[in-house]
Amino acid sequence: MYTKCCFPRHSSFLHRSSTLEKYNLLIVADATASMQDFLTSLNTSLPRIISISALASCFSRLGVIAYRDYTDREELIKFSLGLSPTQESANQPDVIAFTKSLEAGGGGDYPEAAKTALAEAYSLMRPDAKTIP
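FYI, the numbering for the sequence shown is 1405 to 1537, going by the working numbering.
In C-alpha coordinates form, the structure reads like this:
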(Lines of atoms letter the chains of each structure in order from A and count residues from 1; the text may use other names and numbers.)
(Lines give C-alpha, C1' and ligand atoms only; values in the text may rest on other atoms or scores of the structure.)
Protein backbone atom coordinates (compact mmCIF):
# COMPACT_ATOMS: atom_id res chain seq x y z
CA MET A 1 0.00 0.00 0.00
CA TYR A 2 1.23 3.49 -0.81
CA THR A 3 0.43 6.79 0.86
CA LYS A 4 1.37 10.33 0.06
CA CYS A 5 3.89 12.15 2.18
CA CYS A 6 2.35 14.62 4.62
CA PHE A 7 4.51 17.52 3.52
CA PRO A 8 2.89 19.53 0.68
CA ARG A 9 6.01 20.25 -1.34
CA HIS A 10 6.74 16.51 -1.42
CA SER A 11 3.15 15.44 -2.04
CA SER A 12 3.95 14.10 -5.49
CA PHE A 13 6.32 11.49 -4.02
CA LEU A 14 4.86 8.19 -2.93
CA HIS A 15 6.20 6.25 0.02
CA ARG A 16 5.49 2.74 1.20
CA SER A 17 3.17 3.08 4.19
CA SER A 18 5.24 0.53 6.09
CA THR A 19 8.23 2.87 6.00
CA LEU A 20 6.30 6.10 6.51
CA GLU A 21 7.04 7.36 10.00
CA LYS A 22 4.25 8.68 12.18
CA TYR A 23 4.85 11.83 14.16
CA ASN A 24 3.20 13.64 17.04
CA LEU A 25 2.20 17.23 16.43
CA LEU A 26 2.07 19.25 19.62
CA ILE A 27 1.44 22.98 19.20
CA VAL A 28 2.85 25.03 22.09
CA ALA A 29 0.92 28.30 22.42
CA ASP A 30 1.57 31.43 24.44
CA ALA A 31 -1.82 32.29 25.98
CA THR A 32 -0.87 35.64 27.49
CA ALA A 33 -2.85 38.78 26.62
CA SER A 34 -0.50 39.96 23.88
CA MET A 35 -1.10 36.71 21.96
CA GLN A 36 -4.86 37.14 21.39
CA ASP A 37 -4.39 37.45 17.61
CA PHE A 38 -2.30 34.25 17.60
CA LEU A 39 -4.98 32.34 19.53
CA THR A 40 -7.61 33.61 17.08
CA SER A 41 -5.46 32.39 14.16
CA LEU A 42 -4.91 29.05 15.90
CA ASN A 43 -8.68 28.59 16.24
CA THR A 44 -9.08 29.29 12.52
CA SER A 45 -6.18 27.07 11.42
CA LEU A 46 -6.51 24.06 13.73
CA PRO A 47 -9.54 22.44 12.03
CA ARG A 48 -7.69 22.69 8.71
CA ILE A 49 -4.52 21.22 10.21
CA ILE A 50 -6.52 18.31 11.64
CA SER A 51 -8.32 17.71 8.32
CA ILE A 52 -5.10 17.69 6.31
CA SER A 53 -3.43 15.48 8.91
CA ALA A 54 -6.29 13.00 8.75
CA LEU A 55 -6.10 12.86 4.95
CA ALA A 56 -2.34 12.41 4.93
CA SER A 57 -2.21 10.10 7.98
CA CYS A 58 1.08 11.68 9.01
CA PHE A 59 0.46 12.30 12.74
CA SER A 60 -0.29 9.58 15.25
CA ARG A 61 -1.28 12.17 17.87
CA LEU A 62 -2.10 15.85 17.68
CA GLY A 63 -2.49 18.27 20.58
CA VAL A 64 -2.20 21.79 21.93
CA ILE A 65 -0.44 22.94 25.07
CA ALA A 66 -0.90 26.52 26.31
CA TYR A 67 1.14 28.42 28.86
CA ARG A 68 0.79 31.67 30.78
CA ASP A 69 2.84 33.75 33.18
CA TYR A 70 4.29 32.15 36.31
CA THR A 71 2.03 34.47 38.33
CA ASP A 72 -1.03 32.67 36.90
CA ARG A 73 -0.44 29.53 38.98
CA GLU A 74 -3.92 28.01 38.62
CA GLU A 75 -3.70 28.06 34.81
CA LEU A 76 0.04 27.99 34.24
CA ILE A 77 -0.06 25.04 31.82
CA LYS A 78 -3.16 23.60 30.11
CA PHE A 79 -3.20 20.96 27.41
CA SER A 80 -5.35 18.70 25.31
CA LEU A 81 -3.74 15.80 23.50
CA GLY A 82 -5.85 14.00 20.94
CA LEU A 83 -5.23 10.35 20.27
CA SER A 84 -5.21 10.56 16.50
CA PRO A 85 -6.62 12.89 13.86
CA THR A 86 -7.79 9.78 11.97
CA GLN A 87 -9.85 8.31 14.83
CA GLU A 88 -13.49 9.11 15.45
CA SER A 89 -13.86 12.30 17.46
CA ALA A 90 -16.07 10.55 20.03
CA ASN A 91 -13.10 8.42 21.10
CA GLN A 92 -10.69 11.24 21.95
CA PRO A 93 -10.45 14.61 23.67
CA ASP A 94 -11.71 17.51 21.59
CA VAL A 95 -8.60 19.55 20.85
CA ILE A 96 -10.62 22.13 18.90
CA ALA A 97 -12.99 22.75 21.83
CA PHE A 98 -9.99 23.06 24.16
CA THR A 99 -8.34 25.63 21.88
CA LYS A 100 -11.57 27.63 21.59
CA SER A 101 -11.83 27.68 25.39
CA LEU A 102 -8.43 29.37 25.73
CA GLU A 103 -8.66 33.03 26.68
CA ALA A 104 -5.65 35.28 26.38
CA GLY A 105 -4.83 36.87 29.69
CA GLY A 106 -2.07 38.00 31.98
CA GLY A 107 1.09 39.16 30.37
CA GLY A 108 2.94 42.32 31.14
CA ASP A 109 6.47 42.05 32.44
CA TYR A 110 6.00 38.83 34.42
CA PRO A 111 8.09 35.81 33.40
CA GLU A 112 6.24 33.45 31.07
CA ALA A 113 6.27 29.68 31.53
CA ALA A 114 7.64 28.87 28.06
CA LYS A 115 10.37 26.53 29.33
CA THR A 116 7.94 24.83 31.70
CA ALA A 117 5.55 24.29 28.77
CA LEU A 118 8.34 22.75 26.69
CA ALA A 119 9.25 20.45 29.60
CA GLU A 120 5.58 19.42 29.88
CA ALA A 121 5.46 18.85 26.11
CA TYR A 122 8.51 16.61 26.40
CA SER A 123 6.85 14.59 29.16
CA LEU A 124 3.73 14.09 27.00
CA MET A 125 5.66 12.71 24.01
CA ARG A 126 6.01 9.02 23.30
CA PRO A 127 9.36 7.64 24.49
CA ASP A 128 10.21 6.63 20.91
CA ALA A 129 9.05 9.91 19.34
CA LYS A 130 11.40 11.88 17.15
CA THR A 131 11.78 15.57 17.90
CA ILE A 132 12.01 17.85 14.90
CA PRO A 133 13.19 21.37 15.82
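Every residue, glycine too, gets a C-beta built ideally from N, C-alpha and C.
Rounded distance between the beta-carbons of Ala1518 and Ile1469, thought under 8 Å: Not confirmed; about 11 Å, so no contact.
Where the beta strand (DSSP E) containing Arg1482 begins and where it ends: It is worth fixing the name first, because residue 1482 is Lys in this sequence and not Arg. Where Lys1482 is concerned, the enclosing beta strand (DSSP E) stretches over 1481–1486.
Distance CB(Leu1466)-CB(Leu1506) smaller than 8 Å: The answer is no: Cβ separation not under 8 Å.
Cross-strand partners of Asp1498 (DSSP beta bridge): In DSSP, Asp1498 forms no bridge with anything.
Spatial neighbours of Asp1476 in its chain, beta-carbon cut-off 6 Å, leaving aside the 5 residues before and after: Gly1510
C-alpha distance - Ile1481 paired with Leu1528, whole-angstrom precision: 13 Å
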